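Written out below as structure tokens is the structure these notes cover.
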Amino acid sequence: MKRRDFLELALLGGASVALTGLVRHQWYSPQPTSPAVPKPSSAKPSAQALPARRFIDRRGNLYDVIAEANRVELRSPDGASMGTLGGELQAPVSLSESGDGRLHVLEWGADRVRAYGADGTAGRTFGESGSGPAGLRAPRDIAEHGDLLVVADTFNHRVQVFDGEGRSRARFGALGAGPADLNGPVSVAIAPDGLLHVADLGNSRIQVFSPEGRHQASYGGWGKEEGLLLAPCCVRFDGAGQSWVADSLGGWVHVFDAGGRFVRRTRPDGGAPAWLAFFPDGKVHVSLRS
Numbered sequence: 035m036k037r038r039d040f041l042e043l044a045l046l047g048g049a050s051v052a053l054t055g056l057v058r059h060q061w062y063s064p065q066p067t068s069p070a071v072p073k074p075s076s077a078k079p080s081a082q083a084l085p086a087r088r089f090i091d092r093r094g095n096l097y098d099v100i101a102e103a104n105r106v107e108l109r110s111p112d113g114a115s116m117g118t119l120g121g122e123l124q125a126p127v128s129l130s131e132s133g134d135g136r137l138h139v140l141e142w143g144a145d146r147v148r149a150y151g152a153d154g155t156a157g158r159t160f161g162e163s164g165s166g167p168a169g170l171r172a173p174r175d176i177a178e179h180g181d182l183l184v185v186a187d188t189f190n191h192r193v194q195v196f197d198g199e200g201r202s203r204a205r206f207g208a209l210g211a212g213p214a215d216l217n218g219p220v221s222v223a224i225a226p227d228g229l230l231h232v233a234d235l236g237n238s239r240i241q242v243f244s245p246e247g248r249h250q251a252s253y254g255g256w257g258k259e260e261g262l263l264l265a266p267c268c269v270r271f272d273g274a275g276q277s278w279v280a281d282s283l284g285g286w287v288h289v290f291d292a293g294g295r296f297v298r299r300t301r302p303d304g305g306a307p308a309w310l311a312f313f314p315d316g317k318v319h320v321s322l323r324s
């Protein structure tokens, strides 16, 4: 299989469609503290090609985001069902939590963000399909940064920043392999210092930007050696400020320090890492894709 085929497979999520069956989960306790760029397809795959993802809020509640089923299932820390989020969701793929407990769910199928109150009541939506100022095309991840919402706008090859009212405040990135370019960004996380770390899947690296979109640094890069990446599909931060990167093609979870220097890596048993989430106690949840 050519490298482009691998990258497109990772971008589309492979064949994992549910939390039971092909997607499995493992838990780890953290230890103390390029080639030619292929152009991804511009056509959306079926939602069945999107893997389910698990998110964890500050109280340890679990949110299973299942694009194929058009729903988000809620569970308590001990696994008891707490129902589902309401609203007419269309292939949800990610969610974020604000400081006051409100949620924002990213709808890949509708190219928009849906807001929820702290009680789970569905609210307004914002964003629209397209490449305009407020446009989104097949977005894959969302993160909260103060009063701002940061979205990995995958098929527009950029990062889109909205304010709390849903107004577009900034957009940055363009298709390419240059220092500030992006090629199919699929995940975004906010570092403790406020910088944005973006999983630039098509360029096999993590891009670091200021909230205003100024490029700061890159780490990773194409390769199989320690500290190098093949298809980074998720980036998250632990309590020590280290970034954890799931490489769905390489099969590793890499850990980098605050400066982007390689610390260690772990290969989960039984499948490729597809998504990461941290519990309040510091343990990391790894969703696996067969």
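Remember, the numbering used here sits 34 above the position in the sequence shown when you count from 1.
Idealized CB from N, CA, C, for every residue including glycine.
What you are looking at is a predicted structure, and each value in this text was computed from that prediction instead of being measured.
Supposed close pair residue i, residue j - CB separation, criterion 8 Å
i      : j      : result
Leu209 : His231 : In fact, because the Cβ distance is near 19 Å, the residues do not count as touching under 8 Å.
Asp272 : Pro307 : Actually they do not touch by this definition, with Cβ atoms about 15 Å apart.
Glu131 : Asp91  : 5 Å
Val222 : Val279 : Going by Cβ atoms, the distance from Val222 to Val279 rounds to 12 Å, so no, they are not a contact pair.
Leu283 : Leu264 : 4 Å
Gly120 : Gly154 : 7 Å
Val289 : Arg301 : No, Val289 and Arg301 are not in contact; Cβ-Cβ is about 13 Å, not under 8 Å.
Among the options, the one whose alpha carbon lies nearest that of residue i
i      : options                           : result
Thr118 : Asp112, Gly94, Arg146 and Tyr150  : Tyr150
Ser128 : Val147, Gly121, Gly236 and Arg136 : Val147
Asp291 : Ser277, Arg299 and Gly285         : Ser277
Phe243 : Leu216, Glu162 and Met116         : Leu216
Arg248 : Ala186, Gly285 and Ala214         : Ala214
Arg136 : Ala144, Gln124 and Ala156         : Ala156
Phe206 : Val289, Glu260, Gly169 and Arg93  : Gly169
Gly294 : Ala251, Gly212 and Ala152         : Ala251
Gly133 : Gly164, Gly143, Pro173 and Leu182 : Leu182
Met116 : Trp256, Gly212, Tyr253 and Tyr97  : Tyr97
Distance CB(residue i)-CB(residue j) smaller than 9 Å
i      : j      : result
Ala204 : Pro219 : no
Asn104 : Pro126 : yes
Leu310 : Val269 : yes
Gly1   : Arg158 : No statement about residue 1 is possible, as the shown extent of the chain runs from 35 to 324 and does not include it.
Asp145 : Pro173 : yes
Val195 : Ser202 : yes
Local Cβ density within 10 Å of residue i, reported as buried at 16 or more and exposed below that
i      : result
Ser63  : Since pLDDT at Ser63 reaches only 44, below the 50 mark, its modelled position is unreliable, and the value read off the structure follows with that caveat. Under this definition Ser63 is an exposed residue.
Asp303 : exposed
Met35  : Because Met35 sits at a pLDDT of 33, beneath the cut-off of 50, its placement in the model cannot be relied upon, and the following sentence gives the value as read from the coordinates. Met35 should be labelled exposed.
Glu199 : exposed
Gly180 : exposed
Pro66  : Residue placement at Pro66 is poorly supported in this model, since its pLDDT is 41, which falls under 50; the coordinates still yield a value, given next. Burial call: exposed.
Asp39  : Low confidence applies here, because Asp39 scores a pLDDT of 32, under 50, leaving its location unreliable; read the following figure in that light. Exposed, because fewer than 16 other Cβ atoms sit within 10 Å of the Cβ of Asp39.
Val318 : buried
Glu260 : exposed
Arg323 : buried
Asp175 : buried
Bounding residues of the beta strand (DSSP E) (the contiguous stretch that carries residue i)
i      : result
Gln194 : Arg192 to Phe196
Glu178 : Asp175 to His179
Ser321 : Val318 to Arg323
Asp98  : Leu96 to Ile100
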